[in-house]
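Novice: If you use our numbering, the sequence shown corresponds to residues 1 to 331, in order. No residue lacks a Cβ here, since even glycine has one placed at the ideal position from N, Cα and C. Dropping a structure here in structure tokens format, bear with me for questions.
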Amino acid sequence: MEYKKNPDGAPRDGAPSSDGTSALFVSARKKQLAQQEAERAAREKEEQRLAAEAEVRRLEAEVVERKRRAEEEALRVEADNAEKRRLAEAEAKRIAAEANALKAQAAANPNAVLGTPPPQAPAFAAPVQPAAAAPAKPLNMKLIIGAAAGALVVLILAIVLISSIGGGGVDSDAKFDASTQVTVMAMGINYPKSQLKISSQNANGVAFGPIDQGDDVTINCVVHSVGNTTIQALNATNMEFVKALSTNIVDGKIGAADTVGSHVRRRMAGVDSDTGNAMVLYVQTGGWKNIHNNKVYTYSFLLACPQKSEDAWVKLWDRMLDELYDPSAAG
1 MEYKKNPDGA PRDGAPSSDG TSALFVSARK KQLAQQEAER AAREKEEQRL
51 AAEAEVRRLE AEVVERKRRA EEEALRVEAD NAEKRRLAEA EAKRIAAEAN
101 ALKAQAAANP NAVLGTPPPQ APAFAAPVQP AAAAPAKPLN MKLIIGAAAG
151 ALVVLILAIV LISSIGGGGV DSDAKFDAST QVTVMAMGIN YPKSQLKISS
201 QNANGVAFGP IDQGDDVTIN CVVHSVGNTT IQALNATNME FVKALSTNIV
251 DGKIGAADTV GSHVRRRMAG VDSDTGNAMV LYVQTGGWKN IHNNKVYTYS
301 FLLACPQKSE DAWVKLWDRM LDELYDPSAA G
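Structural data, given as structure tokens:
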């Protein structure tokens, strides 16, 4: 049977041409790919949201733990200082009692304190009387005993004060002899194990704390997202992170953004709401390319430390930022 044809020779009915079939197939494939890409983007966004929520929960838990440790340390220091004050007061009372006893004894019998004068040699002949010498001034025993007692009290108080002085320190030039990784970004972080230890870690970040507990310090590296790493975008992300952290700082003063190379940095100063101590917070936000999946991640490096040791901690923190590396390219 022959197909009926149009005047131009094309079949009037029957199966569509192979060109039409190809067009339909390509269109369906494009729709399928677009749907798959949309689903992949939705999954990635959901994973980022879950990771962000997990990081917020971790930070909240860390704040609670830091507050608990600070309260325990405050109670311990208070008890320790109370005991030192009690011992110092008891010692001061003992010295004062001894001084009072000596003063009373000196008033009643100066020789008991100064000792009896040596016996005079017997005279075998009448000596020639020398010219009368001016009588010597008697020693003021009250001044002597009082000064001695005061010196002992001052010494004891100085010992108590020196023994109760606390506070940590940081060697900002310490040797970098340890490292760890943020696996999502394939980023390596060098640090000195003589100054810092890892307090918590997951695939999206790592948190360090000081070895010396005299300073309340946190250094964090946190992944934000995959995407835009223009200076404007980094600045916006940095500001959002700083504002989110400002809830832990009373009367926080946020400084202007500084551009450090291709990164954005901000400083905030205020009072730690947990400890009541003057503190500073630095956040530096930048981009990092994972060469394994060719994705560029936005991340922030955080430093929170007391104002009294700010310069030393910032110097060590800057050294850590300068030594970030890709573990796969480390040789």
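Per DSSP, which residues does R267 bridge with? Please list them.
Specialist: R267 pairs with Y282.
Novice: For K137, which residues of its own chain have a beta-carbon under 6 Å away from its beta-carbon, when the five flanking residues on both sides are left out?
Specialist: A caution first: K137 carries a pLDDT of 34, below 50, which makes its placement in the model unreliable, though a value can still be read off. Nothing meets the Cβ criterion.
Novice: With DSSP as the reference, label F25 as helix, strand or coil.
Specialist: Helix at F25.
Novice: With DSSP run on the structure shown, which of helix, strand or coil describes Q366?
Specialist: Within the shown structure, residues of the chain are numbered from 1 to 331, placing residue 366 beyond reach of any answer.
Novice: If you measure between the beta carbons of T275 and A70, is that distance less than 8 Å?
Specialist: Yes, the pair counts as a contact, with Cβ atoms nearer than the cut-off.
Novice: Please state the DSSP three-state secondary structure of K289.
Specialist: It is a strand residue.
Novice: Reducing DSSP to helix, strand and coil, say where V206 ends up.
Specialist: Looking at V206 - three-state DSSP - the assignment turns out to be strand.
Novice: Do N220 and L302 have their C-beta atoms closer together than 8 Å?
Specialist: Yes, the Cβ-Cβ distance between N220 and L302 is below 8 Å.
Novice: Going straight from the alpha carbon of V217 to that of D258, what length do you get?
Specialist: Those two C-alpha atoms are separated by around 22 Å.
Novice: For L234, which option in S300, V56, N81 has the closest C-alpha, if you only look at C-alpha atoms?
Specialist: Ranking S300, V56, N81 by Cα distance to L234 puts S300 first.
Novice: Assuming K253 contacts A269 under a Cβ cut-off of 8 Å, what Cβ separation, rounded to an integer in Å, is found between them?
Specialist: Going by Cβ atoms, the distance from K253 to A269 rounds to 5 Å, so yes, they are a contact pair.
Novice: Among all the DSSP beta bridges, which residues are the ones paired with Q181?
Specialist: Looking at the DSSP assignment, Q181 forms a beta bridge with G188.
Novice: Which residues does DSSP pair with K295 in a beta bridge?
Specialist: Answer by DSSP bridge pairing, in chain order: N290.
Novice: In the stretch 234-258, which residue ranges form an unbroken beta strand (DSSP E) of at least 3 residues, counting only runs that do not cross its ends?
Specialist: Counting whole runs of 3 or more residues, the stretch 234-258 contains the beta strand (DSSP E) stretches 249-254.
Novice: Using 10 angstroms around the beta-carbon of K31, count the other beta-carbons present and answer buried if the total reaches 16, otherwise exposed.
Specialist: K31 is exposed by the Cβ-count criterion.
Novice: Anyone know if the C-beta pair for P306 and Q181 falls short of 8 Å?
Specialist: No.
Novice: Report yes or no: do three or more beta-carbon pairs, one from the stretch 221-232 and one from the stretch 73-81, lie closer than 8 Å?
Specialist: Because the criterion of three Cβ pairs below 8 Å is not met, the stretch 221-232 and the stretch 73-81 do not touch.
Novice: V223 lies in the beta strand (DSSP E); which residues open and close that run?
Specialist: 218-226 is the span of the beta strand (DSSP E), which, as asked, contains V223.
Novice: Out of curiosity, what's the CA-to-CA distance linking Q48 and S273?
Specialist: Cα to Cα, Q48 sits roughly 29 Å from S273.
Novice: Go ahead and label S309 buried or exposed: buried means 16 or more other beta carbons lie within 10 angstroms of its beta carbon, across all protein chains shown.
Specialist: By the 10 Å Cβ count, S309 comes out buried.
Novice: Roughly how many whole angstroms lie between the Cα atoms of E39 and E46?
Specialist: Going by the C-alpha atoms only, they are around 10 Å apart.
Novice: For K67, collect the residues of the same chain with a Cβ closer than 7 Å to its Cβ; drop the 5 residues on either side in sequence, then sort them by chain order.
Specialist: Taken in chain order, the residues that qualify are D274.
Novice: Is it the case that the Cβ atoms of V336 and V184 are separated by a distance below 8 Å?
Specialist: Residue 336 is absent from the model: the chain starts at 1 and stops at 331.
Novice: M187: which of A203, S194, K197 sits nearest, CA to CA?
Specialist: Out of A203, S194, K197, A203 has the C-alpha closest to the C-alpha of M187.
Novice: Kindly indicate which residue of A304, T285, H292 has the alpha-carbon position closest to the one of T298.
Specialist: It is T285 whose Cα lies nearest to the Cα of T298.
Novice: Among S200, S262, R266, which has the Cα closest to the Cα of F241?
Specialist: If we check each option's Cα against that of F241, R266 comes out closest.
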